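As you go down the protein sequences, you meet chains S and G in turn.
This note's numbering puts the first sequence at residues 562 to 1117.
This note's numbering puts the second sequence at residues 7 to 105.
Even glycine gets a Cβ: it sits at the ideal position worked out from N, Cα and C.
Source: prediction; values computed, not measured.
First comes the structure, then the notes that go with it.
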Amino acid sequence: MYSYSDFDAAFVAERNRQFRAQVERRIDGSLTEDEFKPLRLMNGLYLQLHAYMLRVAVPYGTLSAAQMRQLAYIAERWDKGYGHFTTRQNIQFNWPQLRDVPDMLDALAEVQMHAIQTSGNTIRNVTADHFSGAAADEVADPRPVAELIRQWSTDHPEFQFLPRKFKIAVTGSQADRAVIRAHDIGLRVLERNGEQGYEVIVGGGLGRTPMIGKTLTEFLPKADLLPYLEAIVSVWNLLGRRDNKFKARIKITVHENGIDEIRRLVDDRFAETRTAFSGVDQEMLRAIEAQFAAPAFKQSGTEAYDTAYDADPVFRSWADTNLTAHRADGYAIVQISLKAHGATPGDASAEQMRVMADLAEQYAHGELRVSHEQNIVLPHVHKSDLPQIHAVLQQHGLATANIGLISDIIACPGMDYCALATARSIPIAQQIATRFDDLKREHEIGDLKIKISGCINACGHHHVGHIGILGLDRAGVENYQITLGGDHTENAALGQRTGPGFPAEEIVGAVETIVDTYLDIRTSAEETFIETFRRTGMAPFKAALYPEKEEKRDAA
Amino acid sequence: MPRDFTPKVVTANALLEGDVVYLDDNGNWTRDLARAAVITDEADAQVRLLDASSRPAEAVGAYLADVKPGPNGPEPVHFREEFRRTGPSNHCHGKQADL
Ligand code: SF4
Chain S
562 MYSYSDFDAA
572 FVAERNRQFR
582 AQVERRIDGS
592 LTEDEFKPLR
602 LMNGLYLQLH
612 AYMLRVAVPY
622 GTLSAAQMRQ
632 LAYIAERWDK
642 GYGHFTTRQN
652 IQFNWPQLRD
662 VPDMLDALAE
672 VQMHAIQTSG
682 NTIRNVTADH
692 FSGAAADEVA
702 DPRPVAELIR
712 QWSTDHPEFQ
722 FLPRKFKIAV
732 TGSQADRAVI
742 RAHDIGLRVL
752 ERNGEQGYEV
762 IVGGGLGRTP
772 MIGKTLTEFL
782 PKADLLPYLE
792 AIVSVWNLLG
802 RRDNKFKARI
812 KITVHENGID
822 EIRRLVDDRF
832 AETRTAFSGV
842 DQEMLRAIEA
852 QFAAPAFKQS
862 GTEAYDTAYD
872 ADPVFRSWAD
882 TNLTAHRADG
892 YAIVQISLKA
902 HGATPGDASA
912 EQMRVMADLA
922 EQYAHGELRV
932 SHEQNIVLPH
942 VHKSDLPQIH
952 AVLQQHGLAT
962 ANIGLISDII
972 ACPGMDYCAL
982 ATARSIPIAQ
992 QIATRFDDLK
1002 REHEIGDLKI
1012 KISGCINACG
1022 HHHVGHIGIL
1032 GLDRAGVENY
1042 QITLGGDHTE
1052 NAALGQRTGP
1062 GFPAEEIVGA
1072 VETIVDTYLD
1082 IRTSAEETFI
1092 ETFRRTGMAP
1102 FKAALYPEKE
1112 EKRDAA
Chain G
7 MPRDFTPKVV
17 TANALLEGDV
27 VYLDDNGNWT
37 RDLARAAVIT
47 DEADAQVRLL
57 DASSRPAEAV
67 GAYLADVKPG
77 PNGPEPVHFR
87 EEFRRTGPSN
97 HCHGKQADL
């Protein structure tokens, strides 16, 4: 794992010292809120509905056991004993008090963490495939390049006042687990004729105007990455619409100018930026890569796993649902579900964080990941250790066998916490999960992603959910709009609206109607929800959701 | 005739704790909506909001929120204000925890 250089440590310590002084000056009245707000946002501190919220960066979703333990400590010492993992692979603390925040930041710095650039019009925390370095289908671990981008973009003088925030996601596999087509820039590491490079995708994003990113170049040689990124960001920095917040993201710039024009401008600018990079970045990258070397995988039998798999149906169900193929023989990737039926998606108690840290230390080479789907991953586990791990998870409410199923719901904080929300998301997720658990049908239903956002900003990725739910305020009442057919993978697609929204009391029933329709019309149990939707389109779902309308049409 | 004025309270978030506060009849901040001063006049509302906004060392982001009369004092009109005076629905935290 990456370890801070002296420069990183000094930088974070200095920022924390500055912020401590700023908080003091705010409290003693020498700073107004207007002066203080940009300063606190630069340090990840928001003011939400009921309290402040501290958003802590988890770079490329990678945590060490010690870091996870420190997050547990912070949750207990200064918050209400839990933390919330987000779709940006970050963690949020929902209840800090202003006076305590400098101490929280110092506690984070002790384990090489911070909350810098988790807000504001900067290049935000780079997100990555949560199976990086472990996935069987991976070309190369994308995290070294994510770290390189982090170092290049952190406090970059040209990019502190961008037209808007800027999000980069990376993956090292053909299978996209990082939703790279829904980011300002998406990068995919690939190999061509034995040479490593990147596919560069630009102009994706969700929110008010959702767009699927377009390929800017199919193969960028590895050494050209930073000058090329710098060219993209500076082209946008000039063209980007600073006059209108809603048109400022690069997706609009790409849309308004066309991908070919953007490509031409980027290539022009690249000819200049390229000469400014002397190759130091590539030396840095090599040094970073060394820090991400794979752990020493052990060679041993998997009998303990095979025995438990045959003997214990609960273990078997969990193994079938929550494990993914690992690149090393005898190993598996474990997903720990933070979606126990009826629980808040993405919440983990301090005790659960400690349990996961201990398991990582004991069985998983000390590493954990946060997935954008709001679960925790143990990336490197030898199969022979799985029965013990499962037993411990069971004791702490962490053994839910539902990864990828209908109750593995992404939900943003919504109006239970978020000041921008137009409706709640969490209770809707809780009710859907509980309902389908009662029906005991989720394994029969199979792969189905529900994603819920509490406003148009789409932190809950609803546009790319197989079933997307968007909470709105309709004349003072919570109302939920449904989209179907979204896809967050390499086949990225935006969902289509079913029609008028549903009030809170009817939304679970509407989801049930959609699922029943799917079960009725699928060709076999092998045809997944999204495959069925692609085959049939919206019509059968619409007919089931709005029967009155159909009747009217028949009568007419 | 001036058009009907929906009664209002002045609300904000406390600077130190970040929690929801309301202005009461004496111009002090209270954490309980039931004790908030109900303003029934537009001009009065603007004056009180200005006053609240000029006390940045106590509270942040003051604004006027619609209320309606209830048996125990003012009650929220909009669901957002209902959540603000109660707390989140997934954990018994926030104001509801102190009841
Ligand atoms: S989608 Fe909206 S409600 Fe949900 S977290 Fe983002 S800004 Fe808040």
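Exercise for the section: Report the option in V27(G), L22(G) and A71(G) whose CA atom is closest to the CA atom of G590(S). Expected result: The sequence position of residue 590(S) within the first sequence is 29, counting from 1. Closest option to G590(S), Cα to Cα, is L22(G).
Practice task
Let me know if N32(G) comes out buried or exposed under the rule of 16 or more other beta-carbons within 10 Å of its beta-carbon.
Solution key: Here residue 32(G) refers to the residue found at position 26 when the second sequence is read from its first residue. That one is exposed.
Problem - Three-way DSSP call (helix, strand, coil) for G774(S) in this model - result: The residue labelled residue 774(S) in the question sits at position 213 within the first sequence. In the structure shown, G774(S) sits in coil (DSSP, three-state: anything other than H, G, I, E or B).
Handout entry: Cut-off 7 Å between Cβ atoms - residues of its own chain near M7(G), not counting five sequence neighbours on either side
Key = Working through the second sequence from its first residue, we reach residue 7(G) at position 1. At M7(G), the pLDDT of 47 sits below 50, so the modelled position is not reliable; the number obtained from the coordinates is stated separately. Here the set comprises nothing.
Practice task
Confirm the yes/no value for this check: CB of A1019(S), any heavy atom of ligand 1, distance under 7 Å.
Solution key: Indexing the first sequence from 1 puts residue 1019(S) at position 458. Within the cutoff, so yes.
Handout entry: Reduced DSSP secondary structure (H/G/I, E/B, other) of P782(S)
Key = The residue labelled residue 782(S) in the question sits at position 221 within the first sequence. Of the three classes helix, strand and coil, the one that applies to P782(S) here is strand, per DSSP.
Exercise for the section: Report the neighbours of G67(G) on chain S: residues whose CB is nearer than 8 Å to its CB, in chain order. Expected result: The residue you call residue 67(G) lines up with position 61 of the second sequence. What G67(G) touches in chain S: E594 and L608.
Exercise for the section: Determine, using beta-carbon pairs with one atom in the segment 716 to 724 of chain S and one in the segment 748 to 763 of chain S, whether at least three such pairs fall under 8 Å. Expected result: no
Exercise for the section: With 8 Å as the threshold, decide whether the Cβ of S60(G) is near any Cβ in chain S. Expected result: Counting from one through the second sequence, the residue named residue 60(G) turns up at place 54. Judged by the 8 Å Cβ criterion, S60(G) is not in contact with chain S.
Problem - Distance between R985(S) and F1063(S) (C-alpha atoms, nearest Å) - result: What you label residue 1063(S) is simply residue 502 of the first sequence in a count that begins at 1. What you label residue 985(S) is simply residue 424 of the first sequence in a count that begins at 1. Going by the C-alpha atoms only, they are around 13 Å apart.
Exercise for the section: Within its chain, find whatever has a CB closer than 6 Å to the CB of A696(S); leave out the 5 residues flanking it on each side and keep chain order. Expected result: In the first sequence, the residue the question calls residue 696(S) occupies position 135. Cβ within range, chain order: S734.
Handout entry: Positions along the segment 1024 to 1041 of chain S whose CB lies within less than 9 Å of some CB in chain G
Key = D1034, G1037, V1038 and E1039
Practice task
Return yes when the Cβ of V584(S) is within less than 8 Å of the Cβ of V700(S), no when it is not.
Solution key: Here residue 700(S) refers to the residue found at position 139 when the first sequence is read from its first residue. Here residue 584(S) refers to the residue found at position 23 when the first sequence is read from its first residue. Going by C-beta atoms, V700(S) is not nearer than 8 Å to V584(S).
Practice task
Give me the Cα-Cα distance between R888(S) and L767(S), rounded to the nearest whole angstrom.
Solution key: As a first step, residue 888(S) must be located in the first sequence, where it is residue number 327. As a first step, residue 767(S) must be located in the first sequence, where it is residue number 206. So the alpha carbons of these two residues sit roughly 32 Å apart.
Practice task
Please confirm if the segment 865 to 878 of chain S is in contact with the segment 945 to 958 of chain S, defined as three or more CB-CB distances below 8 Å between the two stretches.
Solution key: yes
Practice task
Compare the Cα-Cα distances from V938(S) to each of G903(S), I967(S), R915(S) and V895(S) and report the closest residue.
Solution key: Along the first sequence, read from residue 1 onward, the residue named residue 938(S) stands at position 377. Answer by Cα proximity: V895(S).
Problem - Which residues DSSP lists as bridging L1031(S), in chain order - result: Sequence index remark: in the first sequence, residue 1031(S) carries index 470 (1-based). L1031(S) is bridged to S1014(S) and Q1042(S).
Exercise for the section: Evaluate the contact criterion for the segment 1000 to 1007 of chain S versus the segment 616 to 635 of chain S: three or more CB pairs, one atom per stretch, below 8 Å. Expected result: no
Problem - C-beta atoms of H1027(S) and F1090(S) nearer than 8 Å - result: Taking the first residue of the first sequence as position 1, residue 1027(S) is located at position 466. Taking the first residue of the first sequence as position 1, residue 1090(S) is located at position 529. Their beta carbons are under 8 Å apart, which means H1027(S) touches F1090(S) by this criterion.
Practice task
Show which residues of chain S have a CB atom less than 8 Å away from the CB atom of E23(G).
Solution key: Stepping through the second sequence from its first residue, residue 23(G) is reached at position 17. The contacting residues are A612, Q658 and L659.
Exercise for the section: Taking all protein chains shown into account, decide if V827(S) is buried (16 or more other Cβ within 10 angstroms of its Cβ) or exposed. Expected result: Here residue 827(S) refers to the residue found at position 266 of the first sequence. V827(S) should be labelled buried.
Exercise for the section: Can you tell me which of A1054(S), P771(S) and L786(S) puts its alpha carbon nearest to the alpha carbon of Y759(S)? Expected result: Indexing the first sequence from 1 puts residue 759(S) at position 198. Taking only the C-alpha atoms, the option nearest Y759(S) is L786(S).
Exercise for the section: Taking only heavy atoms of ligand 1 into account, decide whether any of them is closer than 7 Å to the Cβ of G975(S). Expected result: The residue labelled residue 975(S) in the question sits at position 414 within the first sequence. Answer for G975(S): yes, Cβ within range of ligand 1.
Problem - M7(G) in three-state terms, based on DSSP - result: The residue you call residue 7(G) lines up with position 1 of the second sequence. With a pLDDT of only 47 at M7(G), under the threshold of 50, the placement of this residue in the model should not be trusted, and no figure is reported.
Handout entry: R930(S), DSSP secondary structure in three states
Key = Along the first sequence, one-based indexing puts residue 930(S) at 369. Strand, per DSSP.
Practice task
Would you identify the three-state DSSP class for L899(S), choosing helix, strand or coil?
Solution key: Counting from 1 along the first sequence, the entry for residue 899(S) is found at position 338. It is coil, neither helix nor strand.
Handout entry: First through last residue of the beta strand (DSSP E) which encompasses A889(S)
Key = Here residue 889(S) corresponds to residue number 328 of the first sequence, with the count starting at 1. A889(S) -> no beta strand (DSSP E), and no H or E assigned at all.
Practice task
Say yes only if the C-beta of L600(S) is nearer than 7 Å to one or more non-hydrogen atoms of ligand 1, and no if none qualify.
Solution key: Sequence index remark: in the first sequence, residue 600(S) carries index 39 (1-based). No; taking the cut-off as 7 Å, the Cβ of L600(S) has no heavy atom of ligand 1 nearer than that.
Handout entry: Residues bridged to Y759(S) (per DSSP)
Key = Start at 1 with the first residue of the first sequence, and residue 759(S) comes out as number 198. Y759(S) pairs with V750(S) and L781(S).
Handout entry: Contacting residues, own chain, Cβ-Cβ under 8 Å from D640(S) (five flanking each side not counted)
Key = Your numbering for residue 640(S) matches position 79 in the first sequence. If we look at D640(S) and ignore the five residues flanking it on each side, its Cβ neighbours are F654, N655, W656 and P657.
Handout entry: C-beta contact flag for M562(S) and E922(S) at 8 Å
Key = On the first sequence, residue 562(S) is found 1 positions in, with the first residue counted as 1. On the first sequence, residue 922(S) is found 361 positions in, with the first residue counted as 1. Result no, Cβ atoms of M562(S) and E922(S) do not sit closer than 8 Å.
Handout entry: Nonlocal neighbours in the same chain, by C-beta distance under 6 Å from A925(S), ignoring five residues either side
Key = In the first sequence, residue 925(S) corresponds to position 364, counting from 1. Closer than 6 Å at the Cβ level, and outside the excluded window around A925(S), lie L939, H941 and V942.
Practice task
Might you give, ordered along the chain, the residues of its own chain that have their beta carbon closer than 7 Å to the beta carbon of A960(S), omitting 5 neighbours on each side?
Solution key: Translated into positions along the first sequence, residue 960(S) becomes position 399. Closer than 7 Å at the Cβ level, and outside the excluded window around A960(S), lie W879, H951 and L954.
Handout entry: Nearest residue (CA-CA) to Y621(S), options A792(S), T688(S), Q579(S) and M665(S)
Key = Your numbering for residue 621(S) matches position 60 in the first sequence. Nearest C-alpha to Y621(S): T688(S).
Practice task
Measure from the alpha carbon of S1085(S) to the alpha carbon of each residue in L659(S), G1029(S), E1005(S) and H1023(S), then state which is nearest.
Solution key: Taking the first sequence and counting its residues from 1, one reaches residue 1085(S) at position 524. Residue E1005(S) is the option with its Cα nearest to S1085(S).
Exercise for the section: Find out if the Cβ-Cβ distance for the pair A612(S), D690(S) is shorter than 8 Å. Expected result: Indexing the first sequence from 1 puts residue 612(S) at position 51. Indexing the first sequence from 1 puts residue 690(S) at position 129. No, the Cβ-Cβ distance between A612(S) and D690(S) is not below 8 Å.
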